[in-house]
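Asks: First the structure, which I've put down as structure tokens, then a few questions once you've had a look.
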Amino acid sequence: MFSRRDFLKQGLLPVFAGSAVPSVFANGLAASAADSPNTAPSNRVLVLVQLAGGNDGLNTVIPFQDATYHDARPTLRQDQGVLTLNNQLGLHPNLKALKAQWDAGQLAVVQGVGYPSPNLSHFASMSVWETANVKGGFGDGWLGRYLNYLDQVGESPNHTLEGVSAGSLVPPEMRSKTPVTALQSLRNFRLQKVNEHGTMVDVENPLMQFYGGFSKAGPAPYAAILDTTLQEALAASHGLQATDASYVAKATYPANSPIANSLKLVAETIVSGLGVRVAHVTLGGFDNHAREKPVHDKLLLDLDQALGAFMADMQGHGLADRILVMTWSEFGRRVNENGSAGTDHGTAAPMFLLGAPVKGGLYGEAPSLQSLDNGNLKFTTDFRSVYASVLQGYLNAPASDLLGGTFETLPLLKS
Amino acid sequence: MSRRTVLATAAGGAGAAALAALWRGGSLAQVLNRVQGLTHTYEGVFSSERTRVAHLLRRAGFGASPQELDRLTGMGTAAATNALLNYQQTSNQQLEASLPGFDPTVTSNGGRQASALQAWWLTRMVGTARPLEEKMTLFWHGLLTSGLDKSGPGQLYQQNQLFRRTAMGNFDDLLKAVSKDPAMMVYLDTETNRNGKPNENYARELMELFTTGIGHYSEDDVRESARAFTGWTLGRGKQRDALTSTFVARYHDEGVKTFMGKTGTFTGDDIVDMLVPLRATAERLTTRLFSYFAYPNPEPEIVQHLADVFQKNGYNVGAVVKEILTMDAFYSPKAYRALVKSPTEYVAQTLRAVGATSVSAPAVAATGQMGQVLFYPPNVAGWPAGASWINSSTLLTRINFAAGVAQKAAPASTFKGLPGLIDTFIDGNVTPSTRDALTQAATGTGQIPVTLMYFVLATPEYQLN
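Protein sequence lines correspond, in order, to chains F and A. Residues 1 to 415 (the numbering used here) make up the first sequence, in order. Residues 1 to 465 (the numbering used here) make up the second sequence, in order.
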């Protein structure tokens, strides 16, 4: 029986009988040796950081001079040690690495980001952001449409790792026809051989036959999904196994931090040259209806330290020029804190974009704390404007086509 | 030729390829509609009593060992269904006596307590003599969610016992109990919801996720009902450790509230009493139950019928479950292998089938790597089901888990060779090409019991339920 190594040497998997198939695999590996310049759009990576649960924007980018803010937040206000961006606004004291990015001109803060007729349901609002459709629903994710676009124009590295997500589920913003890989660890992402009383049995070919045969036998529920997923899994694991030994972190990631582990995994995948275009990580726990302060302080600390390490790691590997990080959350919180020393669901909130490609500074308009809609901020920048700016200005993709409408772009990025 | 085209072509028949493309296109509703129509492979499959009983045990429980399947097949489908439904009459003494102890009052070492709790529940699923009781407990855990990210292990143990106790009871009773359950009070913040300082978290999710669903209430209804739920606080102990709750009159907002067009000095129980009778609640809950046991996206007539059953039986959940397990649709070709095994089902069914009496830490961890950490739902909406269980990472984890089980269980296996394995795990119903390949392997040189068991557990058929 062929070993995996033999397949690699030949550059093809015998189970893929079609003549065009080997290129799927070959292109994935070739992407690491791409000779285009580092900053070419085809090499750029967007890293999306989801702050799940609804991040308290007012306690992240803080209007520390605003009397209304002080009154609205009798126990939650952050007025000590704010890291000032100007004489009105400051970052939460725990966002030291972000402040360093700001000082280096590599942090854009977009203020008051939201959308018309905001939905206060976590899930409805998440799907709005994920699909870039204010009606929400189960359509393609906006990044899924971007990956499809790459496929259509032949710019795709044609590899299952062009879209990666840290965790066990594929996030809805990457949902599309193009496969995306959920990664928990590079080491474990492989098909184990079976130990038959001391003899290691290579089981890949039979499994391909089982799944292919099941799918071909008739259109049974899930048969095609299982078959394509197995093929994607094996292709991705081959790619990973061929490269994963080379990565050494060039920064110290904080220990016991799930978001740091996730970003390190993304770093490893990027550094390994597997053709990653879009990566997604999630930090959960922002739904702070009660006793918000200690929880939110810790979340921002974890976020900041993990991002600081990730940016330093990318810098250390000489990749900083082609990494853009963007944070998002399904909504901000109510302006007035509630009686539980927490905040209920709100609307508009700031977004961060950071990295060398960013033109640092404040963008958009800070929402008024006096002119509210049912106790919630009125948004000033449509989130699709931010998406459009990134798609057009960084990823070199047709934003209007991918977002289903034309949105004003912001000059967030060095072209 | 793009990779996508290649995949679609490799996926075989035109129908399958179209479905794959649809699925990748992310239109869930469309896929569900298509999945619903895909039946021809399984015509006639339920003519065998053994297949009916095996299907019943997978859906209303966590599968069966060969001996258990023999015994229940001998009883016949109707008697086996009654035995599952009337589980109160079945002693679970053997399981209770053999379970690792769990003491909910232990508050130190939360990490070890959490692992112990997960192992405790998975062991119950593997060893219970009352499979439907555990299956319904898992149903409630996925709907009325609370999680270790906020609630303590002792609180979640207690909530789990509440779900087990009231698994097949009246929905209004269950919701009233859950509203005052410490794990829920911490998870959705009712423990801090006070007169004059309402906290909306529980009130919103009660409507959006637990009862009517979105579109049947206003933001004002959220704010007003939050006031009604004020007054309940945790008893002794730290927030994550308290195992009791009490009503403190001075914390309750006694004022007049306007909720869904009605006005009164409502309490939380009053709100539950107004939400449970709504048709939207009946339709949503019965749709979810049917999708859990039979197949996703049930036909409108089925939903209306089940909603009627629910409402005519005083919101009794057991009556709905009984109806589902005995309706023709439950044994229609469309129901066969129409669900993806959840990670918990995949692990528990496998261990139950091989006669495991305890659950190892790696088995507990494996459910997490497959996408389901018990007592730790991804968010308050619980776990998404169906196709979302399958991605390249989780499928590899499932298949690798099969290797671990086969290496351990196969040498002592009581399965009678390849036919016994296929019969136990996949109803003797396997794609001819797979059967041929397996038969060829089994009759080749030398004995390969580990590999054969592995192959059967790794088949696409076994990923489905």
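Every residue, glycine too, gets a C-beta built ideally from N, C-alpha and C.
State the DSSP-derived secondary structure class of residue 82 of chain A, mapped to helix, strand or coil.
Replies: Translated into the one-based positions of the second sequence, residue 82 of chain A becomes position 82. Residue state, collapsed to three classes: helix.
Asks: Between A:174, A:428 and A:380, which has its C-alpha nearest residue 45 of chain A's C-alpha?
Replies: Within the second sequence, numbered from 1, the residue matching residue 45 of chain A stands at position 45. Comparing Cα positions, the closest option is A:428.
Asks: Look at the alpha carbon of residue 73 of chain A and the alpha carbon of residue 63 of chain A, and state the distance between them as a whole number of angstroms.
Replies: In the second sequence, the residue the question calls residue 73 of chain A occupies position 73. In the second sequence, the residue the question calls residue 63 of chain A occupies position 63. Each residue's alpha carbon lies about 13 angstroms from the other.
Asks: Within the 8 angstroms Cβ cut-off, does residue 169 of chain F reach chain A?
Replies: Taking the first residue of the first sequence as 1, we reach residue 169 of chain F at position 169. It does; some Cβ of chain A falls within 8 angstroms.
Asks: Got a sec: is the Cβ-Cβ distance from residue 455 of chain A to anything in chain F below 8 angstroms?
Replies: Within the second sequence, numbered from 1, the residue matching residue 455 of chain A stands at position 455. Taking Cβ atoms only, chain F reaches closer than 8 angstroms to residue 455 of chain A, which makes this a yes.
Asks: Would you identify the three-state DSSP class for residue 422 of chain A, choosing helix, strand or coil?
Replies: Within the second sequence, the letter at position 422 stands for residue 422 of chain A. DSSP places residue 422 of chain A in helix when its eight states are reduced to three.
Asks: Going by beta carbon distance, what residues of the same chain come within less than 6 angstroms of residue 320 of chain A, once the five residues before and after it are set aside?
Replies: To locate residue 320 of chain A, count along the second sequence from 1; it is residue 320. Same-chain partners within the cutoff: 286, 289, 306, 309 and 310.
Asks: With a threshold of 8 angstroms on Cβ separation, who are the neighbours of residue 116 of chain A within its own chain once the five nearest residues in sequence on each side are excluded?
Replies: Along the second sequence, one-based indexing puts residue 116 of chain A at 116. Excluding sequence neighbours, residue 116 of chain A sits near 100, 102 and 153.
Asks: At a Cβ threshold of 8 angstroms, is residue 72 of chain F touching chain A?
Replies: As a working note, residue 72 of chain F is residue 72 in the first sequence. By this cut-off, residue 72 of chain F is not an interface position.
Asks: Which complete beta strand (DSSP E) runs does the stretch 100–151 of chain F hold, if anything under 3 residues is left out?
Replies: Listed in chain order, the complete beta strand (DSSP E) runs (minimum 3 residues) inside the stretch 100–151 of chain F are 107–114.
Asks: When DSSP labels each residue in this structure, what does residue 281 of chain A get in the three-state scheme?
Replies: Translated into positions along the second sequence, residue 281 of chain A becomes position 281. Helix, per DSSP.
Asks: Any C-beta of chain A within less than 8 angstroms: which residues of the stretch 283–300 of chain F qualify?
Replies: Cβ contacts with chain A: 284, 285, 287, 289, 290 and 291.
Asks: Comparing C-alpha positions only, which one of F:371, F:401 and F:353 sits nearest to residue 68 of chain F?
Replies: By one-based count along the first sequence, residue 68 of chain F stands at place 68. Comparing Cα-Cα distances from residue 68 of chain F to each of F:371, F:401 and F:353, the minimum goes to F:371.
Asks: Report the residue ranges of all alpha helix (DSSP H) runs contained in full by the stretch 243–306 of chain F; include only those spanning at least 4 residues, in chain order.
Replies: Taking only runs of at least 4 residues, the alpha helix (DSSP H) segments lying wholly in the stretch 243–306 of chain F are 258–271.
Asks: If residue 242 of chain A and residue 182 of chain A are in contact, beta carbons under 8 angstroms, what's the gap, nearest whole angstrom?
Replies: In the second sequence, residue 242 of chain A corresponds to position 242, counting from 1. In the second sequence, residue 182 of chain A corresponds to position 182, counting from 1. About 5 angstroms separates the two Cβ atoms, so the contact holds.
Asks: Report all residues from its chain with a CB closer than 6 angstroms to the CB of residue 271 of chain A; omit the five preceding and five following residues, and keep chain order.
Replies: Numbered from 1 along the second sequence, position 271 holds the residue referred to as residue 271 of chain A. These residues qualify, in order along the chain: 225 and 228.
Asks: Does residue 232 of chain F come within less than 8 angstroms of chain A when only Cβ atoms are used?
Replies: Within the first sequence, residue 232 of chain F is the residue found at index 232, counting from 1. At least one chain A Cβ lies under 8 angstroms of residue 232 of chain F.
Asks: Going along the chain, which residues of the stretch 317–348 of chain F sit with their C-beta nearer than 8 angstroms to a C-beta in chain A?
Replies: Listed in sequence order: 338, 339, 340, 341, 342, 344 and 345.
Asks: Could you work out which residues of chain F lie near residue 463 of chain A, taking near to mean beta carbons separated by less than 7 angstroms?
Replies: Here residue 463 of chain A refers to the residue found at position 463 when the second sequence is read from its first residue. 226, listed in chain order.
Asks: Is the beta carbon of residue 322 of chain F closer than 8 angstroms to that of residue 54 of chain F?
Replies: If you number the first sequence from 1, residue 54 of chain F lands on position 54. If you number the first sequence from 1, residue 322 of chain F lands on position 322. It is not a contact, given that the beta carbons lie outside the stated cut-off.
Asks: Identify the contact partners of residue 189 of chain A in chain F, using a Cβ-Cβ distance below 8 angstroms as the criterion.
Replies: Indexing the second sequence from 1 puts residue 189 of chain A at position 189. Chain F residues near residue 189 of chain A: 289, 290, 340 and 342.
Asks: Taking the straight line between their C-alpha atoms, what separation do you get for residue 322 of chain A and residue 388 of chain F?
Replies: In the second sequence, counting from the first residue as 1, residue 322 of chain A sits at position 322. In the first sequence, counting from the first residue as 1, residue 388 of chain F sits at position 388. Going from the Cα of residue 322 of chain A to the Cα of residue 388 of chain F covers about 52 angstroms.
Asks: Would residue 320 of chain A count as contacting chain F if we go by Cβ distances under 8 angstroms?
Replies: Here residue 320 of chain A is taken as the residue at index 320 of the second sequence, counted from 1. No - not a single Cβ of chain F is within 8 angstroms of the one on residue 320 of chain A.
Asks: Identify, in the order they occur along the chain, each residue of the same chain with its Cβ nearer than 7 angstroms to the Cβ of residue 164 of chain A, setting aside the five sequence neighbours on each side.
Replies: Residue numbering aside, residue 164 of chain A sits at position 164 when the second sequence is read from its first letter. Within the same chain, residue 164 of chain A has close Cβ partners 133 and 137.
Asks: If contact means a Cβ-Cβ distance below 8 angstroms, which residues of the stretch 196–225 of chain F contact chain A?
Replies: Result list: 196, 197, 201, 203, 206, 207, 209, 210, 211, 212, 213, 214, 215, 216, 217, 218, 219, 220, 221, 222, 223, 224 and 225.
Asks: Would residue 194 of chain A count as contacting chain F if we go by Cβ distances under 8 angstroms?
Replies: Within the second sequence, residue 194 of chain A is the residue found at index 194, counting from 1. Yes, because at least one Cβ of chain F sits closer than 8 angstroms to the Cβ of residue 194 of chain A.
Asks: Check residue 46 of chain F in the structure and name its three-state DSSP category.
Replies: One-based indexing of the first sequence puts residue 46 of chain F at position 46. Strand, per DSSP.
Asks: Any C-beta of chain A sitting closer than 8 angstroms to the C-beta of residue 122 of chain F?
Replies: Here residue 122 of chain F corresponds to residue number 122 of the first sequence, with the count starting at 1. Chain A, which has a Cβ nearer than 8 angstroms to the Cβ of residue 122 of chain F, makes this yes.
Asks: Which residues of the stretch 371–405 of chain F have a Cβ closer than 9 angstroms to any Cβ of chain A? Give them in chain order.
Replies: Within the stretch 371–405 of chain F, the qualifying residues are 374.
Asks: Is residue 382 of chain F helix, strand or coil when you go by DSSP?
Replies: Position 382 of the first sequence, counting from 1, holds the residue named residue 382 of chain F. Strand, per DSSP.
Asks: Between residue 408 of chain F and chain A, is the shortest Cβ-Cβ distance under 8 angstroms, so that the two count as touching?
Replies: In the first sequence, counting from the first residue as 1, residue 408 of chain F sits at position 408. Chain A, which has no Cβ nearer than 8 angstroms to the Cβ of residue 408 of chain F, makes this no.
Asks: How would you call residue 79 of chain F, buried or exposed, if buried means at least 16 neighbouring beta carbons within 10 angstroms?
Replies: For the purposes of this step, residue 79 of chain F is identified with residue 79 of the first sequence, where counting begins at 1. Residue 79 of chain F comes out exposed.
Asks: Pull up the distance between the alpha-carbon of residue 94 of chain A and that of residue 65 of chain A, whole angstroms please.
Replies: As a working mapping, residue 94 of chain A is identified with position 94 in the second sequence. As a working mapping, residue 65 of chain A is identified with position 65 in the second sequence. Answer to the nearest angstrom: the Cα atoms are 16 angstroms apart.
Asks: Could you please tell me which residues of the stretch 75–91 of chain F, in chain order, have their CB closer than 8 angstroms to any CB of chain A?
Replies: Hits within the stretch: zero.
Asks: What does the Cβ neighbour count give for residue 89 of chain A, buried or exposed, with the cut at 16 atoms within 10 Å?
Replies: For the purposes of this step, residue 89 of chain A is taken as the residue at position 89 of the second sequence. With fewer than 16 other Cβ atoms within 10 Å, it is exposed.
Asks: Which class does residue 333 of chain F belong to by DSSP, given the choice of helix, strand or coil?
Replies: One-based indexing of the first sequence puts residue 333 of chain F at position 333. Correct three-state label for residue 333 of chain F: strand.
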